[in-house]
Each structure stands twice: as C-alpha cells, then as structure tokens.
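The block underneath contains the structure these notes are about, expressed in structure tokens.
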Amino acid sequence: MMAGLIRVTPDADLDEVVEILERDGGVIVENLVDEATLAALWSDFQPALDACPYGEDWYNGKRTRRVSSLFARTAHLTPVVTHPLYLGAARRIMQQPVPMWIGKSRVEMTPTIQISGTQLIEIHSGQGKQPLHRDDALHLRRHPGPTSRVQLMVAMSEFTAANGGTLVIPGSHHWDDERAPEQSEAYPTEMPAGSGLIWLGGVYHGGGRNTTDTPRTGMTIALDLGNLRQEENQYLAVPREAVLAYPEEVRRLLGYDRCPPGLGWYEMEDPYVVLEADAPTPGVPLTV
Ligand SMILES: O=C(O)CCC(=O)C(=O)O
C-alpha cells in the first residue's frame, strides 16, 4: 500500500499538484493560509464556535462542534478559496469541456464550479473516529468516474494523529462502489495550523479520534461542479451584503454564475446581474 499523502509548498507547480491529486486523491499544501489571515479568521469565528453546541448524532460527532455559513461570518476567505493551488487544481480537474450537438453545430460547453459546503469542524477530547465516507456520495453518483468535487481542509489549529487529524485513504477515488473502506487503510493528516489538505470528492476519509485534551479545529470548503446542487444552500446561508463584501470571482463561486449551456439563470440572464441591480424583486424587470 502507498504511504500517506505527499506534501508540497505553496509555490509548487500546479501541473505537479494536479498530477498528485489525480493519482493519490489528496495532497497537503504547507502554509496555505498566511498568519494574518488565520488570525482574522479565528477572530471572526471564535464567538460562533464558543456558542456552538456539540453534534447530536454519531455521524456528525457528539464531541464535535460544527459551524456553517462561513462566508456570512467573515469577509476574509478570498485568499483561501482562490489559492492558486486549490482553486487552480479544482478548475483544472473539474472544468472539462463537454461536447454536444445543438442542431447541426458541434459545440463544447465548459461547466462552472461553485462553493458547495463550508464548515468549521472542531473535534474535542473524547470524540471517536467518524465512519469513512466519500463526500461526493451526496450527489448519488457512481465510482470511479470524473471528479465532481475538490475539497479543502485548512488546519485552524495543528492536526496530529492523536488529536483527530483527518483520516484519508490515498488512491481510494479509483475504487468502485463495491469495495468497502477499512480504518486500517487510512492515514491521519498531520499538519501545522495554516496548512491545508486538498482531496477529491471520491476519496474515503473521515474525522479522526481525539485522544488529547485540546480541541482540533479544521475549516473545510468544498468546490463542486456548477451543474450539481450545492451541499449547503449558499443563497440562504450568505446574505446579499455578505456576498457583496467579496470580489467578483468569489461572488460567482458562491453561485451567482450561470453554468453553460444555461443552468441557474434569473429572468433568462446571468444571475450575477442580481448583485448589480438596485433592488431585485422576483418577477420585476431588473434596473442595473
Ligand atoms: O473533520 C474532519 O477531519 C473530517 C470531517 C468529515 O469528513 C465530515 O464531517 O464529513
């Protein structure tokens, strides 16, 4: 069996990172988030984490705190979600042109990608291992097949084997839907605060057991193909003012974008115009 995941520096070559991801299903990027951004995120998220109760079921973890709607809680996620190795790899892997006929025209349509789910996951002392799972199973898809999700887990605090660092089975995105994952095949993700684990949606993984007396805090963001339903409903989770605090690329990633040839339109237009309109009201023509 192959060893744990490869580590790269933030200035690694994108081609190399894509090759690693397609082969191993995951990669660790050192220093993905700079210290100032990490501190700003902690300051915006700490009150919500402190106020958050533990999960209520075995899957989400009865000793785990989960805080969602992250783009509504901070305006500091741009350098994280647009990191060249994360967004770059997600675009390269998922935005594959799809050929089709429209009448007698042979055309190719390239899908968009979108932010699907966001969450802080704080695993506390006494939390056991989460069942290993594939996150792209949310879309009830079959494996193996083209990647429809590329996900990031940023270590907000250090991840170790002892404190619940994400368990990953390298290469498991190549498996079919019959082979079951075994905990003995999984490697813990060990990385200092500020580093990030990038993995493909078809990779079996899960939160680890925390046997220490300090919590392990991770922040996950998932990018999915734009023709799939978002895991977390970003239109409900992130109010308009919070969306407007982000630059155009991030606003589009939050779902204000049209996936070719024509998914997600508003009044038959690119939904991005809704963010530029004065006061969009359903059924009323836009005044931009
Ligand atoms: O917290 C982690 O390390 C992973 C959690 C996870 O995979 C999940 O909740 O789906």
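Counting in my numbering, the sequence shown runs from 1009 upward without gaps.
Think of the CB as a built atom: it goes at the ideal place given N, C-alpha and C, for glycine as much as any other residue.
Expressed to the nearest angstrom, what Euclidean distance is found between the alpha-carbon atoms of residue i and residue j?
i: SER1180; j: ARG1142; result: 9 Å
i: SER1076; j: LYS1112; result: 46 Å
i: THR1072; j: LEU1175; result: 16 Å
i: ARG1015; j: ARG1081; result: 30 Å
i: ALA1020; j: LEU1029; result: 13 Å
i: MET1108; j: VAL1158; result: 25 Å
i: MET1009; j: THR1222; result: With a pLDDT of only 40 at MET1009, under the threshold of 50, the placement of this residue in the model should not be trusted; the figure read from the coordinates follows. Cα to Cα, the separation comes out at about 32 Å.
i: LEU1013; j: ALA1097; result: 16 Å
i: VAL1088; j: LEU1040; result: 7 Å
i: ALA1146; j: PRO1092; result: First, the residue type needs correcting, since residue 1146 is Leu and not Ala in the sequence shown. Computed Cα separation, rounded: 26 Å.
i: PRO1269; j: MET1117; result: 6 Å
i: ARG1187; j: HIS1084; result: 40 Å
i: GLU1277; j: LEU1271; result: 10 Å
i: ARG1237; j: SER1124; result: 8 Å
i: GLY1069; j: PRO1061; result: 11 Å
i: SER1101; j: THR1155; result: The amino acid at residue 1101 is misidentified as Ser; the sequence shows Ile. ILE1101 and THR1155: Cα-Cα distance of roughly 7 Å.
i: PHE1167; j: ILE1036; result: 12 Å
Secondary structure at residue i, three-state DSSP: helix, strand or coil?
i: VAL1246; result: coil
i: TRP1273; result: coil
i: LEU1022; result: helix
i: ARG1142; result: coil
i: GLN1122; result: strand
i: SER1113; result: strand
i: LEU1252; result: helix
i: GLU1043; result: helix
i: GLU1027; result: helix
i: GLU1166; result: coil
i: GLU1130; result: strand
i: PRO1055; result: helix
i: GLN1191; result: helix
Kindly say whether residue i, judged by its beta-carbon, lies nearer than 8 Å to any beta-carbon of chain B.
i: ASN1171; result: Among the protein chains of the structure shown there is no chain B, as only one such chain exists.
Checklist entry - Is there contact here, the segment 1218-1228 with the segment 1239-1258, by at least three beta-carbon pairs under 8 Å? => result no
Checklist entry - Within the chosen definition, does the segment 1023-1030 reach the segment 1042-1058 through at least 3 CB pairs nearer than 8 Å? => result By the Cβ test, the segment 1023-1030 is not in contact with the segment 1042-1058, since fewer than three Cβ pairs between them sit closer than 8 Å.
Checklist entry - Whole alpha helix (DSSP H) runs in the segment 1072-1111 with 4 or more residues, listed along the chain? => result 1078-1081, 1086-1089, 1094-1102
Checklist entry - Can you give, in chain order, each stretch of the beta strand (DSSP E) that sits fully within the segment 1198-1232 and has at least 3 residues? => result Correct list: 1204-1208.
Item to check | Stretch pair the segment 1190-1206 + the segment 1158-1175: three plus CB contacts closer than 8 Å | outcome: yes
Item to check | Meets three-Cβ-pair contact criterion under 8 Å: the segment 1130-1145 and the segment 1271-1289 | outcome: no
Checklist entry - Is it true that the segment 1167-1174 meets the segment 1260-1269, where meeting means three or more beta-carbon pairs spaced less than 8 Å apart? => result Touching, no, given that fewer than three Cβ pairs across the two stretches are closer than 8 Å.
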